[in-house]
Structures are given as structure tokens and as C-alpha cells.
Amino acid sequence: MLKTSDLSEKEVVNVRDGSRLGLISDIEVNLQKGIIEAIIIPGPGKILGFFGKENDIVITWKDIVKIGKDVILINYETDYGTFNPDNDS
């Protein structure tokens, strides 16, 4: 079994270009289905998920290739989807 605290300690790496995106700052859960919909990573320039102007990067669950011991591998376009909590419509 994997805990959400375990997820937050794993680095996210994109297998398309080898880029290291950082650590998970949050997860998006569908409570009706009881599944994780997406993982959220602080945008570039953010420190500890707070200070910075960039939007967060949202990786949908279908884009996750493998959850390993130390890293989470994703297969995702480099034009990362973003989530802006100030404009959540």
C-alpha cells in the first residue's frame, strides 16, 4: 500500500525529455469514485511550493508510467498543463 505521504517524497521525472519536475505538492482526488485524478507539482520558480509566480503543473493519473521506490515516471508533453487556484472555474 502507498500512502500520500510516500508520494510526496518521490521526485517526478518525465520520460519524454528526462526532465526532473520536482516533488508532489498536492493530489487531486475524485471522492465519488475514490480515485486519484492527478498529481500537482509546484511550477518553475516556486520554493517549497509557495514563493513564486508560476502556476502549478497538473499531471493526470493516466500520464503516470511507473511509481518506483524513489521516483515517479511520467509520459507527458513538455507543454505542461497548469492549475491556477485563483482562476478555478
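With this note's numbering, letter number 50 in the sequence shown gets 50, and the count goes up by one each step, no holes. C-beta: ideal position from N, C-alpha, C; glycine also. Since the structure is predicted, the reported quantities are computational estimates derived from the model, not experimental observations.
Its Cα nearest to that of Arg20, the residue Pro42 stands out among Trp61, Thr60 and Pro42. Counting along the chain, Leu31 sits inside no beta strand (DSSP E), nor does DSSP assign it H or E at all.
Cβ contact annotation for Lys66 (same chain, cutoff 6 Å, sequence separation greater than five): Leu73, in chain order. Judged by DSSP in its simplified three-state form, Lys3 adopts coil rather than helix or strand. The three-state reading of DSSP puts Lys62 in helix, counting H, G and I together.
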